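For reference, the structure is listed below as structure tokens.
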Amino acid sequence: MADMKAQRDAYGEVLAELGRKYPNMFVLDADLTKSTKTVTFQKEFPERHINCGIAEGNMMAVAAGIATCGNIVFASSFAMFAAGRAYEQIRNSVCYAHNNVKIVATHAGLTVGEDGATHQCLEDLGLMRSIPGMVVLAPSDAGSTKAACRFAAEYDGPVYIRLGRLPLTKFNDEENYKFGLEQADVLADGDFATVMFCGPFYDLAMQVRELFAKNGLNIRVVDVPCIKPINRTVVKNAVKETKTIVTIEDHNIYGGLGSAVAEAIAEEDIPERKSVELIRIGAQDIFGKSGAPKELLERYGFSAVEIAKKIIKTVCPGCEKNFTF
Amino acid sequence: METRDFAKNMRKLIVEAIYNSGSGHPGGSLSCADIVAVLFNEEMNKSPENPCDPNRDRFVMSKGHAAATLYSALALKGFFPEEEMKTFRKMSGRLEGHPDMKKIPGVDMSTGSLGQGISAACGMAVYGKRAEKPYRVYAVMGDGELEEGQCWEAFMFAAHYKLDNLCVFIDFNGLQIDGEITKVMSPLPIPEKMKAFGFNVIEIDGHNLDEIRAALKNAKETKGMPTAVVCHTVKGKGVSFMENVASWHGTAPNKEQYEQAVKEIEANG
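Chains as they are written, first to last, in the working numbering: chain A, 30 to 354; chain B, 7 to 275.
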């Protein structure tokens, strides 16, 4: 079995590392220090960790106030309460005022699992992406989580980082993987279709690729941990060279990666954009429910076979009978 | 300049700016003018030469719609030319309808959405405590603003972290846009609630300069808890026809009303 690690464990570790590097760094939490793992920072730097209690709106504006004094502030809660409940504080006190606050939201998406729909935030990327100047990141393993946080600490301005709850396959180096604006990594090349994913879907994207490889077809796989600003070159190349694009995200199909890619395609000044096919895998404008994450993903269409069927139906209708699943 | 005159000049600039722009919030701007006058003219360590001094006292106008009050104090203190008050709320200017810290020197926090400024002030104060900074943090809030739940989250935070470097002025003028606060959604009793939330509470006449000064002294001497100064004020104070009339919350005077207002402010101070 591949080496697995939860993003929030990586987050806890990198916070402590950054705390050593930046003496002006503060970390805020809203009564979830053990879940978000900011407790790791709290143990090493208690004087720079502030528990705000179950009051996320206040926490975001407190974060802004601390940032006005020349500090880097990381503020964490579950995505539902960070981006959801505190949306307007993020919009006005953090982003409009351009305060140096990094919002690291854990437990995003359906993969929260058993807690159910009230805790499965499927709208945060859309909310955060629509705020002017906000950088929106959705890293996909422990290595890119650490790299995203290192980047955020260095970057002057608001950043939203979305993390999930589950352990994920490690495919980026935790120490050396580098991260920048418009980060997008082509993990495997191909010409039949392009699968672009963010968050917890490295394994799923690779399974789709393997299914096609068995049938002698190559799928391009792109990890897109930077949702805003999106890497338009990678999208443009996919449009020109593969003509079918699949996006996979643990988010509503409205507002997140699928929307960002759709916008990029629509605005590209190349003739192929008129014939390209886009398949958005994600929550199809629904709320989730309780269940094991694996069961939920199956139910809502996050399966390699289902995705492969959609690709074939789009690229080569009628070819399904010749395809070995 | 004597603070009495400073406040009078602030009031003139406030009504002039709102008259020129044809929009703004005269009622709540005039009710907190004396508090802001004492803070800027006597109390706070703030200098236009070094508006970003890390050790400066911080001021947050949590009731951001009283932007004209803050701007008038900043202009009189030389943070920008008085002449610039003419650009208040205008496309060509930087004096936004609600304070913008990125554009205007001397503005320590962008505010406007009620309830958020007090949280940001708590952030400044908690950092000051943790980093052992010498500055104090002052916030001015509206009484209607207290209807925002976030204020009470912030008050809990301020008391929990013993922010004795934070002093909150509550501009208790009794009116909000839709009418009397007790009829719209009563936040009363304010002093008792603030006490229950762990504040050192002082109740004063918010237009009496000596009472404002005494409250500031009391706040500075109080250790281990934040201070709330509940200021009984008159909405529209200084302009007879605006006083205690809710509709002057967000209405600009016409030419005749403006001239009358200036005459009254000059006569009464």
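Beta carbons: idealized from backbone N, C-alpha and C, even for Gly. Since we're looking at a predicted model, the values are computed, not measured.
For residue i, which three-state DSSP category applies?
i: residue 6/A; result: Because chain A in this structure spans residues 30 to 354, residue 6/A falls outside the shown range and cannot be described.
i: residue 43/B; result: helix
i: residue 67/A; result: coil
i: residue 150/A; result: strand
i: residue 255/B; result: helix
i: residue 150/B; result: helix
i: residue 173/B; result: strand
i: residue 190/B; result: helix
i: residue 157/B; result: helix
i: residue 25/B; result: helix
i: residue 120/A; result: helix
i: residue 198/B; result: helix
i: residue 65/B; result: strand
i: residue 207/B; result: strand
i: residue 226/A; result: strand
i: residue 343/A; result: helix
i: residue 11/B; result: helix
i: residue 279/A; result: strand
i: residue 240/B; result: coil
i: residue 245/B; result: coil
i: residue 226/B; result: helix
i: residue 264/B; result: helix
i: residue 350/A; result: helix
i: residue 18/B; result: helix
i: residue 35/B; result: helix
i: residue 213/B; result: coil
i: residue 125/A; result: helix
i: residue 163/B; result: helix
i: residue 145/A; result: coil
i: residue 160/A; result: coil
Which partner residues of residue i appear in the DSSP bridge assignment?
i: residue 185/B; result: 182/B
i: residue 101/A; result: 54/A
i: residue 135/A; result: 107/A
i: residue 34/A; result: 197/A
i: residue 79/A; result: 57/A
i: residue 235/B; result: 175/B and 208/B
i: residue 166/A; result: 190/A and 255/A
i: residue 214/A; result: 252/A
i: residue 130/A; result: 102/A
Using a Cβ-Cβ cut-off of less than 9 Å, list which residues of the region 119–135 of chain B approach chain A; keep chain order. 119, 121, 122, 123, 124, 125, 126, 127, 128, 129, 130, 131, 132, 133 and 134
query = Which ranges does the beta strand (DSSP E) cover as unbroken runs of at least 3 residues, wholly within the region 174–211 of chain A, from first to last along the chain?
reply = 188–191 and 196–198
Worksheet item: Going along the region 58–76 of chain A in order, which residues come within less than 8 Å of chain B, judged by CB to CB distance?
Response: For the region 58–76 of chain A, which is checked against every Cβ of chain B, the residues closer than 8 Å are 76.
Check your understanding: Quick one, which residues of the region 158–170 of chain B are near chain A if we go by CB-CB under 8 Å, in chain order?
Key -> Of all residues in the region 158–170 of chain B, 159, 160, 162, 163, 166 and 167 have a Cβ within less than 8 Å of some Cβ in chain A.
Q.
For the pair the region 266–281 of chain A and the region 225–239 of chain A, tell me if three or more CB-CB distances fall below 8 Å.
A. yes
Alpha helix (DSSP H) segments (min. 4 residues) lying fully within the region 282–339 of chain A
Correct list: 286–296 and 322–328.
query = Using a beta-carbon distance cut-off of less than 7 Å, what residues from the region 83–99 of chain A approach chain B?
reply = 84, 86, 87, 90, 91, 92, 93, 94, 95, 97, 98 and 99
Discussion item. Against chain B, which members of the region 120–149 of chain A pass a CB distance test of less than 7 Å?
Written reply: 121, 122, 125, 126 and 127
*Pairing CB atoms from the region 216–223 of chain B with CB atoms from the region 150–161 of chain B, are three or more of them under 8 Å?*
no
Any contact of the region 247–257 of chain A with the region 297–315 of chain A, i.e. 3+ C-beta pairs under 8 Å?
-> Proximity of the region 247–257 of chain A to the region 297–315 of chain A falls short of the contact definition, fewer than three beta-carbon pairs being nearer than 8 Å.
Notebook entry, point to check: Taking one C-beta from the region 232–247 of chain A and one from the region 334–342 of chain A each time, how about it: are there three or more such pairs within less than 8 Å?
Noted result: yes
3 or more residues per run - each beta strand (DSSP E) lying fully within the region 72–160 of chain B
143–148
With a floor of 4 residues, list each alpha helix (DSSP H) that falls wholly inside the region 219–276 of chain A, ordered by position along the chain.
-> Those alpha helix (DSSP H) runs which fall completely within the region 219–276 of chain A and span 4+ residues are 231–243 and 261–270.
Exercise. Between the region 42–59 of chain B and chain A, which residues of the former have CB atoms less than 8 Å from a CB of the latter, in chain order?
Worked result: Correct list: empty, as no residue qualifies.
Query raised in the report: Given 8 Å as the limit, is there contact between the region 257–266 of chain B and the region 231–244 of chain B, that is, 3 or more CB pairs closer than that?
Result: no
Item to complete: Count the C-beta pairs between the region 165–180 of chain B and the region 135–147 of chain B that are closer than 8 Å, then say yes if the count reaches three, no if not.
Response: Pairwise C-beta distances place the region 165–180 of chain B in contact with the region 135–147 of chain B, as three or more of them are shorter than 8 Å.
Near-chain A residues of the region 93–116 of chain B - C-beta to any C-beta below 7 Å
107, 108, 114, 115 and 116
- Looking at chain B, which residues of the region 295–319 of chain A have a Cβ within less than 8 Å of any of its Cβ atoms? none
### Task
Evaluate the contact criterion for the region 162–170 of chain A versus the region 184–203 of chain A: three or more CB pairs, one atom per stretch, below 8 Å.
yes
Contact residues within the region 240–268 of chain B, judged by C-beta distance below 8 Å to chain A
The region 240–268 of chain B vs chain A, Cβ under 8 Å: nothing.
Item checked: Contact set between the region 227–253 of chain A and chain B, restricted to residues whose Cβ is under 7 Å from the partner -> none
Residues in the region 258–291 of chain A having any Cβ partner in chain B nearer than 8 Å:
none
Per the contact definition of three or more C-beta pairs closer than 8 Å, is the region 93–106 of chain B in contact with the region 60–69 of chain A?
-> no
Query raised in the report: Are there three or more Cβ pairs, one per stretch, closer than 8 Å when the region 130–141 of chain A is compared with the region 174–183 of chain A?
Result: yes
Interfacial residues, the region 149–162 of chain A to chain E, with Cβ spacing under 9 Å
No chain E is part of this structure, whose protein chains are labelled A and B.
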